[in-house]
Amino acid sequence: MMTGLRLLPWTTPDGKPCYLDQDTAHPGVLSLLADSVEASQLGSAEQVLAGSRAVLQDPAAGERAVRFALTRAAESLEDVLRIADSRGQRIGEADTDTGADAEVGAEVRYGAP
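Per our numbering, the sequence shown starts with residue 1, numbered consecutively.
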(Lines of atoms letter the chains of each structure in order from A and count residues from 1; the text may use other names and numbers.)
(Lines give C-alpha, C1' and ligand atoms only; values in the text may rest on other atoms or scores of the structure.)
Protein backbone atom coordinates (compact mmCIF):
# COMPACT_ATOMS: atom_id res chain seq x y z
CA MET A 1 0.00 0.00 0.00
CA MET A 2 1.41 3.38 -1.00
CA THR A 3 1.05 6.34 1.31
CA GLY A 4 -1.92 8.55 0.50
CA LEU A 5 -3.97 5.87 -1.24
CA ARG A 6 -7.28 4.69 0.18
CA LEU A 7 -8.20 1.02 -0.18
CA LEU A 8 -11.71 1.05 -1.62
CA PRO A 9 -14.46 -1.32 -0.44
CA TRP A 10 -14.68 -3.06 -3.81
CA THR A 11 -12.37 -4.86 -6.20
CA THR A 12 -11.88 -5.02 -9.94
CA PRO A 13 -13.87 -7.67 -11.86
CA ASP A 14 -10.85 -9.99 -11.58
CA GLY A 15 -10.57 -9.49 -7.81
CA LYS A 16 -7.71 -6.99 -7.62
CA PRO A 17 -7.87 -4.23 -4.99
CA CYS A 18 -8.87 -0.71 -5.98
CA TYR A 19 -7.24 2.37 -4.49
CA LEU A 20 -8.21 6.02 -4.48
CA ASP A 21 -5.66 8.84 -4.41
CA GLN A 22 -7.82 11.31 -2.56
CA ASP A 23 -7.81 14.89 -1.34
CA THR A 24 -8.90 14.40 2.27
CA ALA A 25 -9.62 18.10 2.76
CA HIS A 26 -12.22 18.04 -0.05
CA PRO A 27 -13.65 14.53 -0.48
CA GLY A 28 -14.77 13.83 -4.02
CA VAL A 29 -17.59 11.75 -5.43
CA LEU A 30 -15.66 8.46 -5.32
CA SER A 31 -14.60 9.04 -1.72
CA LEU A 32 -18.18 9.76 -0.70
CA LEU A 33 -19.38 6.71 -2.64
CA ALA A 34 -16.80 4.56 -0.85
CA ASP A 35 -18.02 5.93 2.50
CA SER A 36 -21.59 5.03 1.55
CA VAL A 37 -20.64 1.52 0.40
CA GLU A 38 -18.71 0.93 3.64
CA ALA A 39 -21.70 2.07 5.71
CA SER A 40 -23.97 -0.26 3.73
CA GLN A 41 -21.57 -3.18 4.16
CA LEU A 42 -21.36 -2.59 7.92
CA GLY A 43 -25.15 -2.42 8.17
CA SER A 44 -25.46 -5.62 6.18
CA ALA A 45 -22.89 -7.31 8.43
CA GLU A 46 -24.99 -6.43 11.50
CA GLN A 47 -28.05 -8.03 9.88
CA VAL A 48 -26.08 -11.11 8.84
CA LEU A 49 -24.71 -11.48 12.37
CA ALA A 50 -28.21 -11.33 13.85
CA GLY A 51 -29.50 -13.85 11.30
CA SER A 52 -26.55 -16.18 11.84
CA ARG A 53 -27.05 -16.12 15.59
CA ALA A 54 -30.73 -16.94 15.12
CA VAL A 55 -29.88 -19.93 12.92
CA LEU A 56 -27.27 -21.18 15.39
CA GLN A 57 -29.73 -20.89 18.29
CA ASP A 58 -32.39 -22.87 16.42
CA PRO A 59 -31.87 -26.58 17.13
CA ALA A 60 -34.18 -27.41 14.22
CA ALA A 61 -32.08 -25.46 11.68
CA GLY A 62 -31.06 -27.72 8.87
CA GLU A 63 -27.78 -28.03 7.04
CA ARG A 64 -28.97 -25.74 4.26
CA ALA A 65 -29.81 -22.91 6.71
CA VAL A 66 -26.51 -23.29 8.56
CA ARG A 67 -24.55 -23.37 5.29
CA PHE A 68 -26.35 -20.23 4.05
CA ALA A 69 -25.73 -18.41 7.35
CA LEU A 70 -22.05 -19.36 7.33
CA THR A 71 -21.62 -18.32 3.70
CA ARG A 72 -23.17 -14.91 4.34
CA ALA A 73 -21.14 -14.50 7.55
CA ALA A 74 -17.91 -15.23 5.64
CA GLU A 75 -18.85 -12.69 2.95
CA SER A 76 -19.63 -10.06 5.56
CA LEU A 77 -16.43 -10.79 7.47
CA GLU A 78 -14.43 -10.27 4.28
CA ASP A 79 -16.11 -6.87 3.77
CA VAL A 80 -15.59 -5.81 7.39
CA LEU A 81 -11.92 -6.85 7.37
CA ARG A 82 -11.37 -4.86 4.18
CA ILE A 83 -12.97 -1.79 5.80
CA ALA A 84 -10.84 -2.26 8.93
CA ASP A 85 -7.69 -2.57 6.81
CA SER A 86 -8.56 0.57 4.84
CA ARG A 87 -9.37 2.60 7.95
CA GLY A 88 -6.30 1.32 9.79
CA GLN A 89 -4.07 2.44 6.92
CA ARG A 90 -5.69 5.88 6.92
CA ILE A 91 -5.28 6.23 10.69
CA GLY A 92 -1.59 5.39 10.32
CA GLU A 93 -1.25 8.02 7.62
CA ALA A 94 -3.02 10.64 9.73
CA ASP A 95 -0.45 10.07 12.46
CA THR A 96 2.47 10.76 10.10
CA ASP A 97 0.99 13.16 7.53
CA THR A 98 0.94 16.88 8.22
CA GLY A 99 -1.28 17.54 5.23
CA ALA A 100 1.36 19.69 3.54
CA ASP A 101 2.04 17.06 0.90
CA ALA A 102 -1.61 16.33 0.08
CA GLU A 103 -2.42 16.35 -3.61
CA VAL A 104 -5.41 18.16 -5.05
CA GLY A 105 -7.96 16.01 -6.87
CA ALA A 106 -8.50 12.29 -6.89
CA GLU A 107 -7.34 9.39 -8.97
CA VAL A 108 -8.44 5.77 -8.90
CA ARG A 109 -5.70 3.15 -9.13
CA TYR A 110 -6.34 -0.54 -9.76
CA GLY A 111 -4.27 -3.46 -8.65
CA ALA A 112 -1.33 -3.56 -6.31
CA PRO A 113 0.25 -0.13 -5.82
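Here a beta-carbon is modelled for each residue, glycine too, at the ideal position from N, C-alpha and C. Since we're looking at a predicted model, the values are computed, not measured.
Does the distance from the C-beta atom of residue i to that of residue j stay below 8 Å?
i	j	result
Leu-32	Leu-20	no
Ile-83	Gln-41	yes
Gln-89	Leu-8	no
Tell me the rounded alpha-carbon separation between residue i and residue j.
i	j	result
Arg-67	His-26	44 Å
Ser-76	Ala-60	24 Å
Val-55	Ala-45	15 Å
Gly-4	Gly-51	37 Å
Arg-72	Gln-47	10 Å
Arg-64	Glu-78	21 Å
Gly-28	Ala-74	31 Å
Thr-11	Ser-86	13 Å
What residue range is occupied by the uninterrupted beta strand (DSSP E) comprising residue i?
i	result
Asp-14	No beta strand (DSSP E) holds Asp-14; DSSP gives it neither H nor E.
Given the structure, does residue i come close to the ligand MN, in the sense that its CB is under 7 Å from one of the ligand's heavy atoms?
i	result
Leu-20	With respect to the ligand MN, the structure offers nothing, as it holds no ligand at all.
Go to residue i, then tell me how far its alpha helix (DSSP H) extends in each direction, as first and last residue.
i	result
Ala-50	29-57
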